[in-house]
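J.: Just so we're aligned, residue 6 is where the sequence shown starts under the numbering used here, counting upward by one.
Got a structure here, written out as structure tokens. Questions coming.
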Amino acid sequence: FFPLPIMLVGGSAVMGRLMLGYAGLLLLAYNFQRRLIYMPFGGAPRLPQDIRAQKVAVVASDGLLTEGWHLKGEGRGEKVTLVMFHGNAGHRGHRLPWAMAIRKAFGVGVVLTDPRGYGGNEGMPDEEGLYRDAEACLQWTKEVVGGKIVLYGESIGSGVAVELARRMNERGSPVSGVILQAAFSSLVDVAMGTYPFLFPNYLLKDRYHNLDKIDKIGAPLLVVHGTRDEIVPFEHGRRLFQMAKSPKMMLTVPGGDHNAVVLKAGMEYFAQMETFLSKYIKSGLRLRVDPETITTGGIYGIRRERIPLSSSSSSADRTARDNKRGEVLASTLGVKTDHYGGSTGDCGSSNGDEAMAAAHGEGGAAASSCPYLS
Numbered sequence: 006f007f008p009l010p011i012m013l014v015g016g017s018a019v020m021g022r023l024m025l026g027y028a029g030l031l032l033l034a035y036n037f038q039r040r041l042i043y044m045p046f047g048g049a050p051r052l053p054q055d056i057r058a059q060k061v062a063v064v065a066s067d068g069l070l071t072e073g074w075h076l077k078g079e080g081r082g083e084k085v086t087l088v089m090f091h092g093n094a095g096h097r098g099h100r101l102p103w104a105m106a107i108r109k110a111f112g113v114g115v116v117l118t119d120p121r122g123y124g125g126n127e128g129m130p131d132e133e134g135l136y137r138d139a140e141a142c143l144q145w146t147k148e149v150v151g152g153k154i155v156l157y158g159e160s161i162g163s164g165v166a167v168e169l170a171r172r173m174n175e176r177g178s179p180v181s182g183v184i185l186q187a188a189f190s191s192l193v194d195v196a197m198g199t200y201p202f203l204f205p206n207y208l209l210k211d212r213y214h215n216l217d218k219i220d221k222i223g224a225p226l227l228v229v230h231g232t233r234d235e236i237v238p239f240e241h242g243r244r245l246f247q248m249a250k251s252p253k254m255m256l257t258v259p260g261g262d263h264n265a266v267v268l269k270a271g272m273e274y275f276a277q278m279e280t281f282l283s284k285y286i287k288s289g290l291r292l293r294v295d296p297e298t299i300t301t302g303g304i305y306g307i308r309r310e311r312i313p314l315s316s317s318s319s320s321a322d323r324t325a326r327d328n329k330r331g332e333v334l335a336s337t338l339g340v341k342t343d344h345y346g347g348s349t350g351d352c353g354s355s356n357g358d359e360a361m362a363a364a365h366g367e368g369g370a371a372a373s374s375c376p377y378l379s
């Protein structure tokens with residue numbers, strides 16, 4: 006019977022090595038987690054020569070300098086400014102075509118800001134640091150631009166927008182509105198869905214608890230979320246919308262993923278933005294572009310080619326246009342085309358997207374026709 010103790014000793018040794026390796030993995034994840042969360046690739050972006058913008062340079066409460074751009078509003082849109090907080094990767098230059106499209110559509114001003122560590126700014130990003138940078142940017146916008154201010158948070162930027170709105174409301178000076186795109190209930194919830202074996206509920210330093218704060222923002226809310234978001238599942242956006250106080254709207258985008266939800270929504274995105282800006286922000290702004298067709302040269306300023314938005318054509322035609330719009334944006338952002346295009350088939354697929362789109366609840370709006378923006 007002597008083999009049994011040997012097997013037990015050997016098994017304990019193997020288990021010990023496994024536990025030691027697992028402990029090492031947890032230690033690495035804890036020490037380097039912010040390098041996995043924040044991905045500020047690229048240096049300071051250059052503004053194209055044909056685009057005029059005001060330089061934004063602000064100093065946070067801890068003395069750190071960050072920079073951004075202010076695209077001035079036009080006409081009635083001068084009275085409304087969107088302050089945009091982008092996602093965890095890239096810099097403000099990657100969001101410039103999107104910001105230009107919004108300004109072109111409504112005439113609103115847009116402040117594109119990079120937090121510490123991004124876009125050539127000094128420092129290392131973390132949750133509290135991003136809040137400090139956002140407060141400095143908002144203060145600059147209030148003092149220099151004025152008017153109605155709408156906070157726009159994309160992905161991890163949603164955590165910044167929600168916290169900033171909560172703080173302003175708590176101080177008795179709420180912002181005019183909040184737009185959340187591909188927003189999460191909390192960063193902990195996202196990590197738990199992806200890396201539960203790393204115990205992020207215990208180890209995560211930056212948490213961005215949006216769900217706990219969303220009912221305290223004190224401003225009209227628009228939630229934009231795709232049903233095929235592979236990074237922040239649709240359920241996150243739905244829960245945020247349900248917990249928020251009225252007035253609120255939700256744009257559910259069938260088939261929309263994390264990085265191209267606006268492109269997938271197409272004209273419906275601008276239609277819902279118009280409703281939000283005119284009805285809830287009370288700006289009186291209306292869409293200033295052709296509601297039937299958007300030109301790539303008109304809205305993105307890239308190519309002079311008209312691509313109809315009608316969803317009545319064949320699946321193959323729509324797929325071709327889907328690929329085309331992906332190529333247009335990809336060429337601008339310098340990313341691979343297959344991140345956006347691809348053979349997606351009919352928008353109204355039978356995989357449950359329509360059912361999810363119908364579940365947006367009070368005040369929601371679904372991009373059910375799934376037009377295409379080029």
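Think of the CB as a built atom: it goes at the ideal place given N, C-alpha and C, for glycine as much as any other residue.
In whole angstroms, give me the CA-to-CA distance for A270 and V258.
T.: Within the sequence shown, numbered from 1, the residue matching residue 270 stands at position 265. Within the sequence shown, numbered from 1, the residue matching residue 258 stands at position 253. The alpha-carbon atoms of A270 and V258 are separated by roughly 6 Å.
J.: Using a Cβ-Cβ cut-off of 8 Å (strictly less than) and excluding sequence neighbours within five positions of S283, which residues of its own chain qualify?
T.: Within the sequence shown, residue 283 is the residue found at index 278, counting from 1. Answer for S283: G289, L290 and R291, listed in chain order.
J.: Can you tell me the Cα-Cα spacing of N93 and L135, whole angstroms?
T.: By 1-based counting over the sequence shown, the position of residue 93 is 88. By 1-based counting over the sequence shown, the position of residue 135 is 130. Looking at the two C-alpha atoms, the distance is approximately 11 Å.
J.: Measure how close the beta-carbons of D220 and G261 come, nearest whole angstrom, since I'm counting them as under 8 Å.
T.: For the purposes of this step, residue 220 is taken as the residue at position 215 of the sequence shown. For the purposes of this step, residue 261 is taken as the residue at position 256 of the sequence shown. With a Cβ gap of about 25 Å, D220 and G261 do not count as contacting.
J.: What are the residues that DSSP puts in a beta bridge with E72?
T.: Here residue 72 refers to the residue found at position 67 of the sequence shown. A62, per the DSSP bridge assignment.
J.: If I measure Cβ to Cβ from G162 and keep anything under 8 Å in the same chain, skipping five residues before and after, which residues do I get?
T.: Residue mapping note: residue 162 aligns to position 157 of the sequence shown, counting from 1. So the list reads M89, F90, H91 and G92, once near-sequence residues are dropped.
J.: Taking only three categories from DSSP, how would you classify E380?
T.: The chain is shown from 6 up to 379; residue 380 falls before or after that span and cannot be answered.
J.: Should Y157 and I184 be called a contact, given that it needs their Cβ atoms to be closer than 7 Å?
T.: For this step, residue 157 is matched to residue 152 along the sequence shown. For this step, residue 184 is matched to residue 179 along the sequence shown. Yes.
J.: With a threshold of 16 other CB atoms inside 10 Å of the CB of R40, please say whether the residue is buried or exposed.
T.: Stepping through the sequence shown from its first residue, residue 40 is reached at position 35. Answer is exposed; the Cβ neighbour count stays below 16.
J.: By Cβ distance, which residues of its chain are closer than 8 Å to P238, with the 5 residues on each side in sequence left out?
T.: Translated into positions along the sequence shown, residue 238 becomes position 233. Once the five neighbours on either side are set aside, the close Cβ partners of P238 are G198.
J.: Please list, in chain order, all residues of the same chain as L118 whose beta carbon is under 6 Å from its beta carbon, the five residues on each side excluded.
T.: Your numbering for residue 118 matches position 113 in the sequence shown. For clarity, residue 118 is Thr in the given sequence; the question names Leu instead. Contacts found: G73 and C142.
J.: Below 7 Å between beta carbons: does that hold for A188 and L209?
T.: Sequence index remark: in the sequence shown, residue 188 carries index 183 (1-based). Sequence index remark: in the sequence shown, residue 209 carries index 204 (1-based). Result no, Cβ atoms of A188 and L209 do not sit closer than 7 Å.
J.: Have a look at Q144, H241 and F46 and flag the residue whose alpha-carbon is nearest the alpha-carbon of S178.
T.: Taking the sequence shown and counting its residues from 1, one reaches residue 178 at position 173. Per the Cα distances, Q144.
J.: Helix, strand or coil for M20? Go by DSSP, reduced to three states.
T.: As a first step, residue 20 is located in the sequence shown; it is residue number 15 there, counting from the start. Helix, per DSSP.
J.: To which residues of the same chain is R244 closer than 8 Å at the C-beta, ignoring the five residues directly before and after it?
T.: Numbered from 1 along the sequence shown, position 239 holds the residue referred to as residue 244. Answer for R244: S190 and L216, listed in chain order.
J.: Hey, quick one: how far does the beta strand (DSSP E) through Q186 stretch, first residue to last?
T.: Walking along the sequence shown from the start, residue 186 turns up at place 181. From DSSP, the beta strand (DSSP E) with Q186 extends over G182 to Q186.
J.: Take every Cβ of the segment 112-128, pair it with every Cβ of the segment 36-54, and state whether three or more of those distances are shorter than 8 Å.
T.: Cβ pair count under 8 Å is three or more, so yes.
J.: What three-state label does DSSP hand K269 in the structure shown?
T.: Reading the sequence shown from its first residue, position 264 is the one you call residue 269. Correct three-state label for K269: helix.
J.: Do you know whose CA, among V267, L101 and M129, lies nearest A58's CA?
T.: Counting from one through the sequence shown, the residue named residue 58 turns up at place 53. Considering only alpha carbons, the answer is L101.
J.: Going by DSSP, name the residue or residues bridged to A94.
T.: If you number the sequence shown from 1, residue 94 lands on position 89. DSSP, once it has assigned bridges, lists M44 as partnering A94.
J.: For the beta strand (DSSP E) containing T199, list its first residue and its last residue.
T.: Translated into the one-based positions of the sequence shown, residue 199 becomes position 194. No beta strand (DSSP E) holds T199; the alpha helix (DSSP H) holding it covers L192 to T199.
J.: Just to confirm, are I222 and R171 a CB contact at a threshold of 7 Å?
T.: The residue given as residue 222 occupies position 217 in the sequence shown. The residue given as residue 171 occupies position 166 in the sequence shown. Result yes, Cβ atoms of I222 and R171 sit closer than 7 Å.
J.: Please report the distance separating the alpha-carbon of T300 from that of V229.
T.: For the purposes of this step, residue 300 is taken as residue 295 along the sequence shown, with counting starting at 1. For the purposes of this step, residue 229 is taken as residue 224 along the sequence shown, with counting starting at 1. Its pLDDT being 37, under 50, T300 is placed unreliably by the model, and the measurement read from it follows with that caveat. Those two C-alpha atoms are separated by around 23 Å.
J.: With distances taken from CA atoms, which of N174, V64 and W103 is nearest K218?
T.: Counted from its first residue, the sequence shown places residue 218 at position 213. For the residues N174, V64 and W103, the minimum Cα distance to K218 belongs to N174.
J.: How many Å lie between F281 and I154 at the Cα?
T.: Locating residue 281 in the sequence shown gives position 276, where the first residue counts as 1. Locating residue 154 in the sequence shown gives position 149, where the first residue counts as 1. C-alpha separation (whole angstroms): 13 Å.
J.: First and last residue of the alpha helix (DSSP H) that includes Y207?
T.: By 1-based counting over the sequence shown, the position of residue 207 is 202. From DSSP, the alpha helix (DSSP H) with Y207 extends over P205 to L208.
J.: So, are the CB atoms of Y43 and P130 less than 7 Å apart?
T.: Position 38 of the sequence shown holds residue 43. Position 125 of the sequence shown holds residue 130. Cβ atoms of Y43 and P130: closer than 7 Å.
J.: For L52, I'd like the list of residues in its chain whose CB is within less than 7 Å of its CB, leaving aside the five on either flank, ordered along the chain.
T.: As a working mapping, residue 52 is identified with position 47 in the sequence shown. Cβ within range, chain order: A58 and W74.
J.: Quick check on K147: does DSSP put it in helix, strand or coil?
T.: Along the sequence shown, one-based indexing puts residue 147 at 142. K147: helix per DSSP, three-state reduction.
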